[in-house]
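Under our numbering, think of the first position of the sequence shown as 5, with each following residue one higher. What follows is a set of notes on a single structure, which appears directly below.
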Amino acid sequence: MRAFRRDLAIIRTCNYISLCCRVGSAKKMLSMLEPVLTSWLEDNDNNGNRTTRHLSRLRAALSILSSIAKDGQSISSSPLSFCVLEIAPSMKQVLINNIQIVLLDDIRTITSGADADATAKDKAAQNDKFIRFLSPLVALLSCQTKIVRVFLDQVHDLICNNVSDNDNDESITDDKTKRQVKARGDNNCRRDILKVLLLLLKHPHLTAVWRDKKISTRLVHVAKSIESTVANGPLDRTGGELRTEVSMLLIGSQ
Numbered sequence: 005m006r007a008f009r010r011d012l013a014i015i016r017t018c019n020y021i022s023l024c025c026r027v028g029s030a031k032k033m034l035s036m037l038e039p040v041l042t043s044w045l046e047d048n049d050n051n052g053n054r055t056t057r058h059l060s061r062l063r064a065a066l067s068i069l070s071s072i073a074k075d076g077q078s079i080s081s082s083p084l085s086f087c088v089l090e091i092a093p094s095m096k097q098v099l100i101n102n103i104q105i106v107l108l109d110d111i112r113t114i115t116s117g118a119d120a121d122a123t124a125k126d127k128a129a130q131n132d133k134f135i136r137f138l139s140p141l142v143a144l145l146s147c148q149t150k151i152v153r154v155f156l157d158q159v160h161d162l163i164c165n166n167v168s169d170n171d172n173d174e175s176i177t178d179d180k181t182k183r184q185v186k187a188r189g190d191n192n193c194r195r196d197i198l199k200v201l202l203l204l205l206k207h208p209h210l211t212a213v214w215r216d217k218k219i220s221t222r223l224v225h226v227a228k229s230i231e232s233t234v235a236n237g238p239l240d241r242t243g244g245e246l247r248t249e250v251s252m253l254l255i256g257s258q
């Protein structure tokens, strides 16, 4: 897939950043790269659409950000004190926006060629593609609990919140609200979001994150709320699967 064509260069860049950060300059590195990373995260065409170049830049920005965050934690006297959103506050909103865009638009790009009648082997390959596409986000979530909470809030809002009584209301101009309205009225979109969440719940690098006391409490609330929202509809089974997956994941951790 073309969105992966820069992966080797991204890996080399992250390795180099890790070498630099080991001398204790993670915060300085983040401050220096903040304008570039922000511009990559904000990168769209004139109509707000995403192309392969935009997807590559998004994955590069998240990968570099997670690399700095991980190294910042490893050299900090108090690892949890190294919070990207506090060190680079100007990136907070653009990160939140991109989490929504990943869940709503970019995942659609990945699934555009998927066949509903695909074999188990094809579905496994599709899941592998999902995980590879999401790997920079996984890396960031694995070391930034505040961003995990932001992610869960985004999933909850996109599936559960009623944004407007009129999905075609022309007075809605805010991009975030438009995306929420789009998710509310599109079960395929909701299904993709839930698929992403289910895959991340099963990701071995995130198991400890989901079992964190504060995160697990929020996760249970989100799962219950989603299950209630989609009950008795086309996503009823998926909502039940989510609740079961969360319960199995957290057995013995609470």
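Where a beta carbon is used, it is the ideal one built from N, C-alpha and C, also for glycine. Being a predicted model, the structure only gives us computed values, none of them experimental.
In the three-state reduction of the DSSP assignment, Gln-97 falls in the helix class, which pools H, G and I. When DSSP states are grouped into helix, strand and coil, Ile-255 belongs to the coil group. C-alpha of Glu-231 to C-alpha of Leu-223: approximately 12 Å in a straight line.
At the C-beta level, Gln-104 and Gln-158 come within 7 Å of one another.
Rounded to the nearest angstrom, the gap between the Cα atoms of Lys-127 and Val-200 is 14 Å. Within 10 angstroms of the beta-carbon of Arg-9 lie fewer than 16 other beta-carbons, which makes it exposed. DSSP places Thr-149 within a helical segment (H, G or I) once states are collapsed to three. Rounded to whole angstroms, the separation of the alpha carbons of Thr-242 and Leu-107 is 16 Å. Nearest neighbour of Lys-228 by Cα position, chosen from Thr-149, Val-213, Thr-248, Pro-238, turns out to be Thr-248.
DSSP places Thr-211 in the helix class (H, G or I) of the three-state scheme.
Here Val-226 is not near Ser-146, since their CB atoms are 7 Å or more apart.
Ranked by how close their Cα comes to the Cα of Gly-244, the residues Arg-195, Lys-125, Leu-210 have Arg-195 in first place.
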